[in-house]
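Its first residue numbered 481, the sequence shown is counted upward by one per residue in the numbering used here.
Presented below is the structure to which this report refers.
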Amino acid sequence: MGYEKQVVAWDISFEVHTGDYLCILGENGSGKSTLVKTLLGLQKPMSGTLKFGQEIRADEIGYLPQQTDTQRDFPASVEEIVLSGCVNRLGIRPFYGRLEKEIARENMEQMGIGNLAKRCYRELSGGQQQRVLLARALCATRKLLLLDEPVAGLDPKAAEEMYGLIERLNREQGISVIMVSHDVLEAVPFASHILYMSHRDVFFGDRESYLTSPAGQMYASLLKAREKRNL
């Protein structure tokens with residue numbers, strides 16, 4: 481994968497099955513953002529193939545992106561933002577109908593933000609904003625969520641709550657999760673599989689295999705350091 485004829489990641493081979501929770505880890509500049517764009521169909525792989533199973537289409541991926549400061553200050557209501565996740569359901573219709581509004585309402589309630597529907601998005605806390613974006617992503621899919629650093633910038637309590645929400649969606653509703661994260665210590669325990677990307681090699685496998693791999697030694701050392709600090 482790459483851009484402008486420059487390869488930024490290679491030998492990437494992995495698969496995601498229904499109900500999997502894949503955590504994508506890796507060094508800065510290893511191609512994680514490029515992989516996200518490729519999975520979303522925003523760019524094509526320079527070689528190789530990206531295949532979707534019969535049960536999911538490329539436009540059925542619920543996406544929670546990293547936020548910029550400008551996006552955090554977006555002057556729309558919570559309800560309007562969540563509803564925008566239903567845009568692929570409209571077809572040729574120019575307006576949201578009763579079904580889309582009901583889907584948005586259900587997802588806001590599920591994320592615990594039903595009482596914020598009329599609030600302005602930019603007035604919310606970081607944790608509340610991430611719940612809004614997760615509700616929007618759920619409006620687009622009941623099958624696969626692609627989350628790009630979903631706890632970036634959140635305080636520890638809000639980050640813990642976000643991880644809990646994502647885990648319940650995966651465990652209780654069977655929604656497959658692909659999550660890009662730099663938060664190795666907190667993200668790995670939730671994952672069923674790990675894709676680790678670096679400039680030297682790539683690891684893909686289940687969590688248990690990752691923990692015993694050379695790539696997983698970084699996680700082990702970080703975990704030991706945290707345990708030592710907590711003594």
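Glycine included, C-beta positions come from ideal geometry on N, C-alpha and C.
TODO: Taking the CB atoms as reference points, tell me whether Phe684 and Phe554 lie closer together than 8 Å.
DONE: Taking 8 Å as the cut-off, the Cβ atoms of Phe684 and Phe554 do not count as close.
Open item on the list: In whole angstroms, give me the CA-to-CA distance for Arg537 and Glu640.
Closed with: Going by the C-alpha atoms only, they are around 31 Å apart.
- [ ] Mark Ile572 as exposed unless 16 or more other C-beta atoms lie within 10 angstroms of its C-beta, in which case mark it buried.
- [x] Looking at its Cβ environment, which holds fewer than 16 other Cβ atoms inside 10 Å, Ile572 is exposed.
- [ ] Tell me where the alpha helix (DSSP H) around Gly542 begins and ends.
- [x] No alpha helix (DSSP H) contains Gly542, which is instead part of the beta strand (DSSP E) from Ile541 to Leu544.
Open item on the list: Closest to Val612 by C-alpha separation, out of Arg648, His497 and Gly565, would be which residue?
Closed with: Closest in C-alpha terms to Val612, from the list Arg648, His497 and Gly565, comes Gly565.
- [ ] Would you tell me roughly how many angstroms separate the C-alpha atoms of Thr529 and Leu515, rounded to the nearest one?
- [x] Distance between the alpha carbons of Thr529 and Leu515: 12 Å.
TODO: For Arg651, count neighbouring C-beta atoms within 10 Å of its own C-beta (all shown protein chains included) and say buried if the count is 16 or more, exposed if not.
DONE: Under this definition Arg651 is an exposed residue.
Open item on the list: For the beta strand (DSSP E) containing Leu441, name the first residue and the last one.
Closed with: The structure shown does not extend to residue 441, since the chain is modelled only from 481 through 711, so no value can be given for it.
Task: Backbone CA spacing between Glu707 and Ala556 [nearest angstrom] - done: For Glu707 and Ala556, the distance between alpha carbons rounds to 43 Å.
- [ ] Pull up the distance between the alpha-carbon of Pro669 and that of Pro574, whole angstroms please.
- [x] Each residue's alpha carbon lies about 43 Å from the other.
Open item on the list: Suppose you measure from the CA of Lys531 to the CA of Gly644; what does that come to, to the nearest Å?
Closed with: If you take the alpha carbons of Lys531 and Gly644, they lie about 30 Å apart.
Task: Three CB pairs or more closer than 8 Å across the segment 624-640 and the segment 539-552 - done: When Cβ pairs closer than 8 Å are counted between the two stretches, the segment 624-640 is seen to touch the segment 539-552, the count reaching three or more.
Open item on the list: Looking at the secondary structure, which residues open and close the beta strand (DSSP E) in which Ile658 lies?
Closed with: Segment Ser656 to Val660, the beta strand (DSSP E) holding Ile658.
TODO: Would you kindly report the start and end of the unbroken alpha helix (DSSP H) that includes Asp583?
DONE: Note that residue 583 is Ile in the sequence shown here, rather than Asp. Looking at the DSSP string, the run of the alpha helix (DSSP H) that includes Ile583 is Arg578 to Gln590.
Open item on the list: If you reduce the DSSP assignment to three classes, tell me which class Ser701 lands in.
Closed with: Three-state result, Ser701: helix.
Task: Nearest neighbour of Ala489, chosen from Gln609, Gln547 and Thr518 [CA to CA] - done: Cα-wise, what sits closest to Ala489 is Thr518.
Open item on the list: Would the segment 660-676 count as touching the segment 685-696 if we require 3 or more Cβ pairs under 8 Å?
Closed with: By the Cβ test, the segment 660-676 is in contact with the segment 685-696, since at least three Cβ pairs between them sit closer than 8 Å.
Open item on the list: If you measure between the beta carbons of Leu459 and Tyr576, is that distance less than 8 Å?
Closed with: No answer is possible for residue 459: the residues shown for the chain start at 481 and end at 711.
TODO: Measure the alpha-carbon distance for Lys581 versus Glu507 and round it to whole angstroms.
DONE: It is roughly 40 Å from the alpha-carbon of Lys581 to the alpha-carbon of Glu507.
- [ ] With a floor of 4 residues, list each alpha helix (DSSP H) that falls wholly inside the segment 623-669, ordered by position along the chain.
- [x] Whole alpha helix (DSSP H) segments, 4+ residues: 636-653 and 664-667.
TODO: Using the DSSP secondary-structure output, state which residues sit across from Tyr501 in a beta bridge.
DONE: For Tyr501, DSSP records a beta bridge to Val657.
- [ ] Take Leu522 as the anchor and find which of Asp549, Met481 and Asp491 has the nearest alpha-carbon.
- [x] Of the candidates Asp549, Met481 and Asp491, the one whose C-alpha sits nearest the C-alpha of Leu522 is Met481.
Task: Beta carbon of Gly606 nearer than 8 Å to that of Leu649 - done: Between Gly606 and Leu649, the CB-CB gap reaches or exceeds 8 Å.
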